[in-house]
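As structure tokens, the structure follows; a few thoughts come after it.
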Amino acid sequence: MKKKLVGALLLFLPLFLWVGIAHGQSFRSGDTTTVAAGEVVDSTLYAAGNTIDIAGEVKGDVFCAGQNITVSGKVTGDVICAGQTVRVSGTVEGDVRVAGQTVAIGGEVTGNVSVAGQTVTIEGSAKIGGDASVGGDSAVVNGIVGRDLAVGGTTVLLSNKVGRNVKASTENLSLVNGAEVAGELSYTSRSDAYVASGAKVNGTTTRYEPKEEHQDDNRGTVLGFSLGVAFMIILAFMILALALVLLFPTAIHNTANLALADPLKTFVIGLSASLIAPIVIVALMISVVGIPLGILAGLVWLIILMLNGPLFGYFLGRLVWRDQRNAVVIMAVGVLILLVTYLIPFVGVVTFLAMFWMGTGMAIRQLFHSIPRPQYTVGAPAAKLRANKKGGGRA
């Protein structure tokens, strides 16, 4: 048993280390979240809200999720954000990874840029020092890309300099006056690219036919659709989490306190349940007598799986912000941490596993903690039952 506990602890350790680091960072949330011009945030910034406006300086990474996001200040680290409308017009000394329905990059980025959305624009004022990966239904690249450009979309337009190679997958590719590709241009399309007389490709230009003649190989559209689905899932998750904490703040707070009192026990319960529950449910369903119990167990397990994400999000919020007393703010901070960590390689996998097992353990512990002990003596007078209860259940 000790070996199992040690193994579980080692698996859960990376998340606790990350949460410990996050405890010293800046968290901001609300309907409107801002870093005013002239303000300096000397740490990594986690921001959530309907409108996010970062006009000051952030000496660290920026993780944000909201509806309308604007980053016009200076960021010395990376910018990782998701929202309906996202615009990065400031100076970013790291990488930019953003997703949204409408995305615009108009500032100077030292590192790489990865953007995805329905409409994506690299504005003429943009200067990207590294590579750029762009996916959307409509992609316009008017800025400078220092290295390689990979782009996909129904329509792709290029009007500025690319330091190395360009790879594109599109229905319509246009290189207008001012466009210059220092390396090779290769693209997958059913039609030839339009290259204006004022555009220049220094290397070879190669067009590839789509693999299947009648297959719509619009990768940009697929990417934009996938992004839209992902955004809707994230939005639904946030709405579910906030709805639960608004309806049952005390129950969720008590569940988190129970897990905080003994996190390892909670984690092991969730891990064990995730291994045993599916087997038990399947065994009940394949036996004629156990089908009703299998259906009931399946419904309970489904509810637990739906609850483990919000419960774990609240647990994270309590872990990094112990002094906070507003349950809605705790949930918002925890869910934000949970969502942004999915974008970090490896950490996202560890976070998902921790959420699944820890959140499941939290739900199961609270379930057993809340269920009253069965009373098999029926028909007893109410006064006698109350007396038994006061006396600890002794007859």
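The opening position of the sequence shown corresponds to residue 63 in the numbering used here, with each subsequent residue numbered one higher.
Just so it is clear, CB atoms sit at the ideal spot from N, CA and C, and this is done for glycine as well.
Computed from a predicted model, the values in this text were never measured in an experiment.
With 16 other Cβ atoms within 10 Å as the buried cut-off, status of residue i
i: PRO434; result: exposed
i: PRO372; result: buried
i: ILE131; result: buried
i: VAL344; result: exposed
i: PHE430; result: exposed
i: ASN239; result: exposed
i: LEU237; result: buried
i: VAL175; result: buried
i: ILE142; result: buried
i: THR95; result: buried
i: ASP385; result: exposed
i: LYS365; result: The sequence shown places Ile at residue 365, not Lys. So ILE365 counts as exposed.
i: THR232; result: buried
i: PHE310; result: exposed
i: ILE167; result: buried
i: THR102; result: Checking the sequence, you will find Val at residue 102 rather than Thr. Exposed is the call here.
i: LEU398; result: buried
i: ASP193; result: buried
i: LEU358; result: exposed
i: VAL207; result: buried
i: THR328; result: buried
i: SER432; result: exposed
Segment limits, alpha helix (DSSP H) that includes residue i
i: ALA313; result: 311 to 323
Under the three-state DSSP convention, the category residue i falls into
i: ILE467; result: In the structure displayed, the chain extends from 63 to 457; residue 467 sits before or after that span and is not available.
i: GLY197; result: strand
i: GLY371; result: helix
i: THR132; result: strand
i: ILE348; result: coil
i: ARG380; result: helix
i: THR422; result: helix
i: ALA188; result: coil
i: LYS327; result: helix
i: VAL263; result: strand
i: ARG427; result: helix
i: ASP278; result: For ASP278, the pLDDT reaches just 48, beneath the cut-off of 50, and the residue's location in the model is therefore unreliable, leaving the point undetermined.
i: THR250; result: strand
i: VAL307; result: helix
i: THR413; result: helix
i: ALA255; result: coil
Length of the line joining the Cα atoms of residue i and residue j
i: GLU271; j: SER195; result: 21 Å
i: GLY360; j: GLY198; result: 39 Å
i: THR268; j: TYR256; result: 13 Å
i: ALA127; j: VAL411; result: 20 Å
i: ASN204; j: MET420; result: 47 Å
i: ASP157; j: ARG387; result: 35 Å
i: ALA161; j: SER221; result: 23 Å
i: LEU367; j: ALA318; result: 16 Å
i: LEU289; j: ALA178; result: Interpretation of LEU289 is limited by its pLDDT of 49, a score under 50 that renders its predicted location unreliable; no figure is taken from the coordinates.
i: ALA261; j: GLU242; result: 6 Å
i: GLY265; j: SER88; result: 47 Å
i: ASP93; j: ASN112; result: 5 Å
i: VAL154; j: ALA117; result: 12 Å
i: ASP123; j: GLY169; result: 16 Å
i: GLY214; j: ASN227; result: 14 Å
i: VAL165; j: THR147; result: 6 Å
i: TRP363; j: ASP140; result: 39 Å
i: LEU369; j: VAL218; result: 42 Å
i: LEU401; j: ALA303; result: 12 Å
i: ILE338; j: ILE331; result: 10 Å
i: SER251; j: GLY423; result: 51 Å
i: SER200; j: LEU306; result: 38 Å
i: GLY100; j: LYS121; result: 13 Å
i: VAL182; j: ASP324; result: 47 Å
Terminal residues of the beta strand (DSSP E) in which residue i lies
i: THR94; result: 88 to 97
i: ALA394; result: Careful: ALA394 lies outside any beta strand (DSSP E), inside the alpha helix (DSSP H) at 389 to 403.
i: ASN112; result: 107 to 116
i: ILE184; result: 175 to 184
i: ALA244; result: Run containing ALA244: none; DSSP gives neither H nor E here.
i: THR147; result: 141 to 150
i: GLN163; result: 158 to 167
i: GLY214; result: 211 to 220
i: SER231; result: 228 to 237
Any non-hydrogen atom of the ligand ADP closer than 7 Å to residue i Cβ
i: LEU309; result: As for the ligand ADP, it is missing from this structure, which has no ligand bound.
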